[in-house]
Amino acid sequence: MGRIYVNVVLAVVCMAMSFVSCGIKQNKGPEVYVTIAADANFLRFSDRDSITWYLEKCHDTGFNHVVLDVKPNYGKVLYRSKYIPYLDYIEGITDRPLGRDWDYLQYFIDECHRLGMRISASFSILPCGSPYWQRGMCYQDTVYDDKLCVEYRSDGTFGDMRTTRKSAAFLNPAREDVRDYEIKLITELVNNYDIDGFSLDYCRYPDAESDFSDYSRCEFERYLGESIENWPDDVFSYDRDGSRIEGKYLKQWWAWRAKVVSDFVRESSEAIHAAKPDVDVEYWAATWIHALHMSGQNWASPRSSWPMAYAFGTPEYQATGFAPYLDVFAAGAYLERVHGADDNESVEYAYSRADTLLHGDCLLVGSLYAVNHDTDPDNINNMYHAATMALEKTGNLRIFDISQIHKLGLWPSIKDAINDYKSRHKL
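Residues are numbered in my numbering as their position in the sequence shown, beginning at 1, plus a constant of 171.
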């Protein structure tokens, strides 16, 4: 009876989500994105002349869409906000605050639109500080104290994320007040700036160790409909070498966390489209989806039964697929090998699989990591071949990051790949 009920619910969810989705944008040609990370380019784009020069370089290369990081992991922002401070300093990047008497995001918007390029604002949703540098919002404001993810570490101890050495301290997405706060920030930006897309970055759990707060325990028990006698061992525990030992609720735990993320993506998407229906909702994730249950990222369609091939797979987990809530999914094939239809470590395989898992629910974009591909003409895994593969398999291309493109001299390879693709397809 339980399985029949779940299958009925899954069918209803799929039907409902098909009405929520805004559908695939019909592009005349490939959408070619270049991403601009805040930290790697903090000094590079400290003046407007530099921004103009690089954007014109992007335009000449064939990029027609910029993804601009405006809220990195520190929790501060690179635009004007009533709710959150401006980011004027990044430890390890500059030894002094970098003040601007001009609006960073607005200048990018103006220049992109002048060049006929689209621009998306990339937003690190849940990070609010850097544990490595001990800087950011959660280190200067006690309001975050009870809202951070609590880690259950391999030594059996618990602690909030400010005391880790991980890339960022994350807020707990299961908390309604956290979700409301983030959606308030998202809506403010979308309403105040003429952006073409909004990219939900780090809209997930940080890893399998989080979140083991009392709040999440209560929410998980509500999801289960029963109390947990042995917490957290009934979810999982650790053996002497730090390996996880499965508890009786582990599968439900993965499904609940994935539902938390999926619901948050849906709420964010609805808020963005309610503010401005024409703004694309974008999401990047790695293509190795089979490992992303540990961060709650089921980016596939709920019509895809892919989870059933894995130990954590359940109908409840399958139902958390959030592809229909997106307009654009950037499939991160951050892999070195380009070719290999049957090679699960190849870019070609990654994009083919992503396409089958999405079921056409949103636009698929092939995303590459620039440092994995050189300019050696004799290397079958060079940037020309990688960019060509992304374009041929998805019809679109996204490359991280502009600083790496410039440092490695990848501009000509990317330009040739784009021009050759357009020529072959008469675009």
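In this text, a Cβ means the ideal position worked out from N, Cα and C, and glycines have one as well.
Over the uninterrupted alpha helix (DSSP H) stretch that includes ARG289, give me the two end residues. Numbered from its first residue, the sequence shown carries residue 289 at position 118. Segment 289-295 is the beta strand (DSSP E) holding ARG289; no alpha helix (DSSP H) there.
Beta carbon of THR223: closer than 7 Å to some heavy atom of the ligand SAH? As for the ligand SAH, it is missing from this structure, which has no ligand bound.
Other residues of its chain near CYS193: CB distance less than 7 Å, five sequence neighbours each side excluded: The count along the sequence shown starts at 1 and reaches residue 193 at position 22. The predicted model places CYS193 with a pLDDT of 40, which falls under 50 and marks its position as unreliable; any figure quoted below should be read in that light. Excluding positions up to five away in sequence, the list reads HIS444 and ASP498.
Cα-Cα, which of TYR364, GLY503 and ASP412 is closest to ARG251? Locating residue 251 in the sequence shown gives position 80, counting from the first residue. Of TYR364, GLY503 and ASP412, the residue nearest in Cα terms is TYR364.
Roughly how many whole angstroms lie between the Cα atoms of ASP367 and ASP326? Locating residue 367 in the sequence shown gives position 196, counting from the first residue. Locating residue 326 in the sequence shown gives position 155, counting from the first residue. For ASP367 and ASP326, the distance between alpha carbons rounds to 46 Å.
If you compare alpha carbons, which of ASN212, CYS374 and LYS447 is closest to CYS299? Position 128 of the sequence shown holds residue 299. That would be CYS374, whose Cα lies nearest to the Cα of CYS299.
Limits of the unbroken beta strand (DSSP E) element including PHE571: For this step, residue 571 is matched to residue 400 along the sequence shown. Here the beta strand (DSSP E) through PHE571 covers 568-571.
Span of the beta strand (DSSP E) around PHE329: On the sequence shown, residue 329 is found 158 positions in, with the first residue counted as 1. 329-331 is the extent of the beta strand (DSSP E) around PHE329.
Under 8 Å: do the region 323-342 and the region 524-533 share three or more Cβ pairs, one atom per stretch? no
Would a C-beta distance cut-off of 8 Å place ARG306 and TYR394 closer than the cut-off? Taking the sequence shown and counting its residues from 1, the one referred to as residue 306 is at position 135. Taking the sequence shown and counting its residues from 1, the one referred to as residue 394 is at position 223. Contact: no.
Taking only the alpha-carbon atoms, compute the straight-line gap between ALA340 and SER387 and give it to the nearest angstrom. Reading the sequence shown from its first residue, position 169 is the one you call residue 340. Reading the sequence shown from its first residue, position 216 is the one you call residue 387. Approximately 17 Å, taken between the alpha carbons.
How about TYR496 and VAL436: do their beta carbons lie closer than 8 Å? Residue 496 sits at position 325 when you count from the first residue of the sequence shown. Residue 436 sits at position 265 when you count from the first residue of the sequence shown. Cβ atoms of TYR496 and VAL436: closer than 8 Å.
What three-state label does DSSP hand PHE190 in the structure shown? Numbered from its first residue, the sequence shown carries residue 190 at position 19. Note on PHE190: pLDDT 38, under 50, position unreliable in the model; the coordinate value appears next. Of the three classes helix, strand and coil, the one that applies to PHE190 here is helix, per DSSP.
Out of ARG215, PRO201 and LYS199, state which residue places its alpha-carbon closest to the alpha-carbon of ILE573. The residue you call residue 573 lines up with position 402 of the sequence shown. It is ARG215 whose Cα lies nearest to the Cα of ILE573.
When GLU347, SER538, GLY566 and TYR315 are compared against MET332, the one with the closest alpha-carbon: On the sequence shown, residue 332 is found 161 positions in, with the first residue counted as 1. Measuring from the Cα of MET332, the nearest candidate turns out to be TYR315.
ALA340, DSSP secondary structure in three states: Taking the sequence shown and counting its residues from 1, one reaches residue 340 at position 169. Reduced to three states, the DSSP call for ALA340 is coil.
Let me check understanding here. Comparing Cα to Cα, which of PRO377, LEU356 and TYR555 lies closest to GLY580? Here residue 580 corresponds to residue number 409 of the sequence shown, with the count starting at 1. The shortest C-alpha separation from GLY580 is found at TYR555.
At which residues does the alpha helix (DSSP H) containing SER381 begin and terminate? Sequence index remark: in the sequence shown, residue 381 carries index 210 (1-based). That residue, SER381, is in no alpha helix (DSSP H); it is neither H nor E in DSSP.
Tell me where the alpha helix (DSSP H) around HIS284 begins and ends. On the sequence shown, residue 284 is found 113 positions in, with the first residue counted as 1. First-last of the alpha helix (DSSP H) with HIS284: 275-285.
Spatial neighbours of VAL248 in its chain, beta-carbon cut-off 7 Å, leaving aside the 5 residues before and after: To locate residue 248, count along the sequence shown from 1; it is residue 77. Around VAL248: VAL241, LYS242, ILE255, TYR257 and LEU258.
Taking the DSSP output, what are the residues bridged to PRO298? Mapped onto the sequence shown, residue 298 falls at position 127. Beta-bridge pairing links PRO298 to PHE341.
Enumerated in chain order, which unbroken segments of the beta strand (DSSP E) with a length of 3 residues or greater are wholly contained in the region 529-565? 534-540
Kindly indicate which three-state DSSP category GLU347 falls into: helix, strand or coil? Walking along the sequence shown from the start, residue 347 turns up at place 176. DSSP places GLU347 in helix when its eight states are reduced to three.
Helix, strand or coil for THR491, going by three-state DSSP, please let me know. Residue numbering aside, residue 491 sits at position 320 when the sequence shown is read from its first letter. The answer is coil: DSSP assigns THR491 none of H, G, I, E or B.
Quick one: residues in its chain with C-beta nearer than 6 Å to the C-beta of LEU269, no 5 flanking neighbours on either side, listed in chain order? Against the sequence shown, residue 269 aligns to sequence position 98. Counting only Cβ-Cβ distances below 6 Å, and skipping sequence neighbours, we find SER217 and ASP259.
Three-state secondary structure assigned by DSSP to ALA501: Counting from 1 along the sequence shown, the entry for residue 501 is found at position 330. Here ALA501 sits in strand by DSSP.
Quick one: measure Cβ to Cβ for TYR376 and ARG428, integer angstroms, because I've assumed they're closer than 8 Å. On the sequence shown, position 205 is the one that residue 376 refers to. On the sequence shown, position 257 is the one that residue 428 refers to. Rounded, the Cβ-Cβ distance is 6 Å, consistent with contact.
Please check the pair SER538 and PHE493, which I expect to be a contact at CB under 8 Å, by giving their CB distance rounded to whole angstroms. The count along the sequence shown starts at 1 and reaches residue 538 at position 367. The count along the sequence shown starts at 1 and reaches residue 493 at position 322. Wrong, their Cβ atoms sit about 17 Å apart, outside the cutoff.
In whole angstroms, what is the alpha-carbon distance linking VAL442 and SER293? One-based indexing of the sequence shown puts residue 442 at position 271. One-based indexing of the sequence shown puts residue 293 at position 122. Per the sequence shown, the amino acid found at residue 442 is Ala instead of Val. About 16 Å.
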